[in-house]
Structures are given as structure tokens and as C-alpha cells.
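Undergrad: There's a structure below that I have some questions on.
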Amino acid sequence: FWEVISDEHGIDPTGTYHGDSDLQLERISVYYTEATGGKYVPRAVLVDLEPGTMESVRSSAFGMLFQPDNFVFGKSGAGNNWAKGYYTRAPRSSRRKECEGCDCLQGFQLAHSLGRRHRLGLGSLLLSKIRGSTRPNHGLVFCGSVAK
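Under the working numbering, residues 2 to 149 are what the sequence shown spells out, in order.
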């Protein structure tokens, strides 16, 4: 997902803008925050109950783009148990910080797995927390993929 978004906005894996379109810069704040030194950082909170998933994101080509504080993960998975995923503690501070950094919050995009019960539980929890803490006109966009 972030490789495609970065390419569309002219952002390389180091967070540097190399695009050639005024439209890219005009829309860059939808997905990125400008950090020090002209670098761009994704407006994203990455959440999983398993730390291994986050490690694979960090070690990917675009892993250095993300703010370290926005990786939120548990110490172990949910054992393929929906209830354990749902009744875990939802990440509030990272989500709130990203929301407060927006000039005009218009919605959320939630990318989640459809193939694992514990991740569906965590996804359900996150959706309920987002719905309960934002105004009704904030849209939700669901992007799903089948887990391997």
C-alpha cells in the first residue's frame, strides 16, 4: 500500500520528494506530514498483536518512512481467537496524535486482513473506537486482503 501511495506522490523510501507535479505537492498532506529536513512521514498508525508483522514492515524498503512511535504491537498474537483480538487494549495515543495533527480530518482508511479471526477481532475493536471517538461525518474506508 505505502509503496504505491509513495510512488503516486513522488516520495522515495527515505521520505524525500522527487516528484515532478504541482498536484503531487498540493495533495501530499492527505497521506504525509512534512518533518524536519523536508522529509515526508506517512500519517499512519500500524497496529498488530504480533510483533513479527511490524518487524517485517520496518525491514521493508519503505520501513524507515514511518515514525517509530506509530508502530503499536502486542507481545504475542491472539491465538486465532476473535475475542482476544477484540478485548485487547486499543492504541489511543498514536491515533489521537495523528488526528490532532490534521488541519481538517475527513476520515480514516483501515487496511486489515480478512483471513485471520484474531485480526478481525482487532479490526472490529479499532472500528468501534474510531466510530465512538469521532464525529459522525467522518467516513471509513475498508481495504481488505486475504491473509496468507
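Beta carbons are placed, not taken as given, at the ideal position from N, Cα and C, and that holds for glycine.
(1) With contact counted as at least three CB pairs below 8 Å, one residue from each stretch, are the segment 28 to 35 and the segment 49 to 60 in contact?
(2) Let's test the definition: count the other Cβ atoms within 10 Å of the Cβ of S7 and tell me whether it reaches 16, buried, or not, exposed.
(3) Using a Cβ-Cβ cut-off of 7 Å (strictly less than) and excluding sequence neighbours within five positions of F63, which residues of its own chain qualify?
(4) Take A45 and list the residues in its own chain whose beta-carbon comes closer than 7 Å to its own, dropping the five residues that flank it on each side.
(5) Helix, strand or coil, according to DSSP, for T37 in the structure here?
(6) Please name the residue, chosen from P43, S129 and E9, that lies closest to K98 on a Cα-to-Cα basis.
(7) Can you look up Q25 in the DSSP assignment and give me helix, strand or coil?
TA: So, to answer that:
(1) no
(2) On the sequence shown, residue 7 is found 6 positions in, with the first residue counted as 1. Burial call: buried.
(3) The sequence position of residue 63 within the sequence shown is 62, counting from 1. Here the set comprises W3, E4, S7 and P14.
(4) Here residue 45 refers to the residue found at position 44 when the sequence shown is read from its first residue. Same-chain partners within the cutoff: F67 and N71.
(5) In the sequence shown, the residue the question calls residue 37 occupies position 36. Of the three classes helix, strand and coil, the one that applies to T37 here is helix, per DSSP.
(6) Taking the sequence shown and counting its residues from 1, one reaches residue 98 at position 97. It is P43 whose Cα lies nearest to the Cα of K98.
(7) As a position in the sequence shown, residue 25 is number 24, starting the count at 1. The answer is helix: DSSP assigns Q25 an H, G or I state.
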